[in-house]
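Taking my numbering, the leading residue of the sequence shown gets 101, the next gets one more, and so forth. One structure below.
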Amino acid sequence: MFLHRLYKLAFLSVAFAMASTAFAEPVVDKPAPAFVGTAADGSNIKLDDLRGKTVVLEWTNHECPFVVKHYESGNIPDLQKDAVAKGIVWLQVITSAPDKQGFVSGETAKKLNEVRGATPTNTVLDQDGKIGKLYGATNTPQFFIINPEGVLVYKGGIDSIPSTSQSDIPKAENYVKAALADLAAGKKVAKSSTKPYGCSVKYAS
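Below, the structure written as structure tokens:
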């Protein structure tokens with residue numbers, strides 16, 4: 101009986117460790133997890149190659165109503181346009197597995213951005229979920245901001261009001277906009293970790 105319980109505890113410990121590793125969360129003020137991803141245009145995107153630039157990672161799912169809120173209102177497209185104009189690298193990341201909500205081909209991802217007036221630097225197709233799990237991505241939309249030294253300086257939600265209503269956008273505190281403003285001013289990001297809200301990331305498992 102004792103051995104049975106011991107084996108069970110050992111199994112649960114290993115299972116928990118595996119789960120923790122698979123969805124390990126990066127730590128603010130520590131180096132951002134390195135990755136190589138496939139872009140919508142078929143090219144490879146390597147985070148290490150972007151050293152020297154501020155990088156925004158935006159987890160997205162065009163069928164999620166929380167994402168729709170921020171795209172139909174122009175909120176995220178405006179953030180993208182402003183950031184890219186300042187030399188910031190803005191990467192959408194789509195971690196929807198095949199046959200899951202939000203899964204798209206590279207061509208469809210590009211067309212969606214054209215229709216929505218979105219101007220990210222590129223879109224990463226993370227169909228196997230490796231990058232999502234590396235960053236502990238749980239929601240769409242969800243954001244991670246990396247400074248030019250490759251250090252994670254922000255992780256969390258887009259703003260302070262978790263709703264699908266566009267009317268809430270002007271009333272909300274935009275965490276992403278504030279974090280980028282702090283970086284541009286040479287300041288430490290005041291709110292470096294916030295709670296994301298939205299749809300769950302559609303991993304295969």
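C-beta atoms are modelled at their ideal positions from N, C-alpha and C, and glycine is treated no differently.
inquiry  = Rounding to the nearest angstrom, what Cα-Cα distance links Lys-291 and Tyr-275 in this structure?
reply    = As a first step, residue 291 must be located in the sequence shown, where it is residue number 191. As a first step, residue 275 must be located in the sequence shown, where it is residue number 175. Roughly 7 Å separates the two Cα atoms.
query = To which residues does DSSP link Ala-139 through a beta bridge?
reply = The residue given as residue 139 occupies position 39 in the sequence shown. Per DSSP, the beta bridge partners of Ala-139 are Val-224.
inquiry  = Tell me the rounded alpha-carbon separation between Thr-195 and Asp-228.
reply    = Along the sequence shown, read from residue 1 onward, the residue named residue 195 stands at position 95. Along the sequence shown, read from residue 1 onward, the residue named residue 228 stands at position 128. Their backbone Cα atoms lie some 7 Å apart in a straight line.
ask   = If we call anything under 8 Å between Cβ atoms a contact, is Gly-202 one with His-162?
value = By one-based count along the sequence shown, residue 202 stands at place 102. By one-based count along the sequence shown, residue 162 stands at place 62. Closer than 8 Å, so yes.
ask   = Do you know whose CA, among Leu-150, Glu-172, Val-136 and Val-127, lies nearest Lys-265's CA?
value = On the sequence shown, residue 265 is found 165 positions in, with the first residue counted as 1. The residue asked about is misnamed: residue 265 is Ser in this sequence, not Lys. When only C-alpha atoms are compared, the closest one is Glu-172.
request  = Count the C-beta pairs between the region 289 to 305 and the region 251 to 267 that are closer than 8 Å, then say yes if the count reaches three, no if not.
outcome  = Short answer: they touch.
key: Beta bridge counterpart(s) of Glu-158 as assigned by DSSP   = By one-based count along the sequence shown, residue 158 stands at place 58. DSSP, once it has assigned bridges, lists Gln-192 and Phe-243 as partnering Glu-158.
query = Leaving out five residues before and five after Val-168 in sequence, what residues of the same chain have Cβ atoms less than 8 Å from its Cβ?
reply = Taking the first residue of the sequence shown as position 1, residue 168 is located at position 68. If we look at Val-168 and ignore the five residues flanking it on each side, its Cβ neighbours are His-162 and Thr-264.
ask   = Closest by CA to Leu-191, which one among Arg-216, Thr-138, Ser-293 and Ser-305?
value = Residue numbering aside, residue 191 sits at position 91 when the sequence shown is read from its first letter. Measuring C-alpha to C-alpha distances from Leu-191 to each of Arg-216, Thr-138, Ser-293 and Ser-305 identifies Thr-138 as the nearest.
key: Option in Asp-149, Asp-129 and Asn-175 with minimal Cα separation from Lys-277   = Counting from one through the sequence shown, the residue named residue 277 turns up at place 177. Residue Asn-175 is the option with its Cα nearest to Lys-277.
key: Which residues DSSP lists as bridging Lys-255, in chain order   = For this step, residue 255 is matched to residue 155 along the sequence shown. According to DSSP, which records beta bridges pairwise, Lys-255 is partnered with Phe-244 and Ser-293.
task = Could you check if Thr-208 is buried or exposed, using at least 16 other CB atoms within 10 Å of its CB as the buried criterion?
result = Reading the sequence shown from its first residue, position 108 is the one you call residue 208. When all chains shown are included, Thr-208 counts as exposed.
key: CB-CB length for Leu-252 against Val-136, believed under 8 Å   = Taking the sequence shown and counting its residues from 1, one reaches residue 252 at position 152. Taking the sequence shown and counting its residues from 1, one reaches residue 136 at position 36. Leu-252 to Val-136, Cβ: 18 Å. No contact.
message = Is there a C-beta anywhere in chain D that falls below 8 Å from the one on Lys-230?
response = Chain labels in this structure do not include chain D; a single protein chain is all it has.
ask   = Measuring CB to CB, does Gly-232 end up less than 8 Å from Tyr-303?
value = Residue numbering aside, residue 232 sits at position 132 when the sequence shown is read from its first letter. Residue numbering aside, residue 303 sits at position 203 when the sequence shown is read from its first letter. Yes. Within cutoff.
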